[in-house]
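Participant: Here the sequence shown stands for residues 731 to 1004, where the numbers follow the working numbering. Every residue gets a Cβ at the ideal spot worked out from N, C-alpha and C, and that includes glycine. Computed from a prediction, not measured in an experiment: that's the story for all the values here. Let me begin by handing over the structure; questions about it come next.
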Amino acid sequence: MSSTRSFRFPRRWLGYLSMALVFAAACLMLSNWQFARRAEAATRVQLVATNYDKAAVPLSQLAHNRADLDRSTLWSSAVVHGHYLPQYATLVRNRVLDNEVGFETLVPFMLSSGEVVVIDRGWIAAGTADQPASPAPTTSAEPITLVFRIRATEPQIAGQESTATSLPTLNVAHYAQRWAAPTYVALYGDLVSETPATGPHGTLSPKPQYDEGNHLSYAFQWIAFAVLGFVALAWIIRRELRLAAQEQTAKVRSRRANRDDTDEDALIDAQLNR
């Protein structure tokens, strides 16, 4: 009872608890981030599964505003009529296909409405950092019917400059500054087919093989780490309580030993003084 009454709640335990709470909050934030990434990956997988093999429909049914993109239409096939603007053809550098670096070949396509959509006519291998291994395929400006899959424009990379022959990223708004016609700046198209064919093209983009990755397992791991933080806190407190109890017991035994020695001396003195 005396050891219990003499125990004081150490202030450092509040510090331990604060650290455990901060650690748990950080772990839960990382867990939520992994859950969000898993949801994004699941959405990408679902879009490919739902849209990739659908029959092509007119672009006007999929894109109602040139400046915005309905992301539910990604990977859907659109059909348009018009002609290429080969004088504005360019390359996008540092594109990887099957672990090989190359270029994407871009050509603006003018619709019969006078609007422009940018078409990716396929990948070609790089010879040097800024030149392809062979000349980029050319195309004519003859009227054709074209089918493409909708892709989202990419962000412009800060500090990366365009050259006369290439772009650092497939940012349509930046690319579209080269012509005056109204342009679909929120999307571009991966070429599927041209009727009639206007000439050779690069290697067309393969069907993406998305999976959800390990985000779900990582999310649960972060939750487990948060729990382990409190388990560690409990272990530290239990250990300190045990050490405190052992120290208190040692003090009690020491006092008892001293008292016994004192009583024994007093008894001896009493016997000697008879």
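Relative to the C-alpha of P926, which candidate in V957, V877, L973 and Q907 has its C-alpha closest?
Facilitator: Residue V877 is the option with its Cα nearest to P926.
Participant: From what residue to what residue does the beta strand (DSSP E) around S923 run?
Facilitator: Its beta strand (DSSP E) spans residues L917 to T925.
Participant: Alpha carbon to alpha carbon, how far is T893 from R796?
Facilitator: Spanning the two alpha carbons is a distance of roughly 26 Å.
Participant: Out of Q764, Q817 and A863, point me to the one whose CA is closest to V831's CA.
Facilitator: Considering only alpha carbons, the answer is A863.
Participant: Straight-line CA distance for V847 to A956?
Facilitator: Spanning the two alpha carbons is a distance of roughly 49 Å.
Participant: With three or more C-beta pairs closer than 8 Å as the rule, is the stretch 898-905 touching the stretch 772-787?
Facilitator: The stretch 772-787, when compared against the stretch 898-905, does not touch it at the 8 Å Cβ threshold.
Participant: According to the neighbour-count rule (16 or more other Cβ atoms, all chains shown, within 10 Å of its Cβ), is R741 buried or exposed?
Facilitator: The residue is exposed, with fewer than 16 neighbouring Cβ atoms inside 10 Å.
Participant: Tell me whether the beta-carbon of T835 lies closer than 7 Å to the beta-carbon of G852.
Facilitator: Yes, these two residues count as a Cβ contact at 7 Å.
Participant: Just verifying my parser: in three-state terms, what is the DSSP assignment at G812?
Facilitator: G812: strand per DSSP, three-state reduction.
Participant: Residue range of the beta strand (DSSP E) that N824 falls in?
Facilitator: T820 to L827 is the span of the beta strand (DSSP E), which, as asked, contains N824.
Participant: Give the secondary structure of S806 by DSSP, where H, G and I count as helix, E and B as strand, and everything else as coil.
Facilitator: Three-state result, S806: coil.
Participant: When the Cα of T933 is compared with those of G943, D920 and E942, which residue comes out closest?
Facilitator: Checked all of G943, D920 and E942; the closest Cα to T933 is D920.
Participant: Relative to the C-alpha of R825, which residue among A888, Q861, P912 and D800 is closest?
Facilitator: Per the Cα distances, Q861.
Participant: Between F753, A975 and L789, which has its C-alpha nearest R881's C-alpha?
Facilitator: If we check each option's Cα against that of R881, L789 comes out closest.
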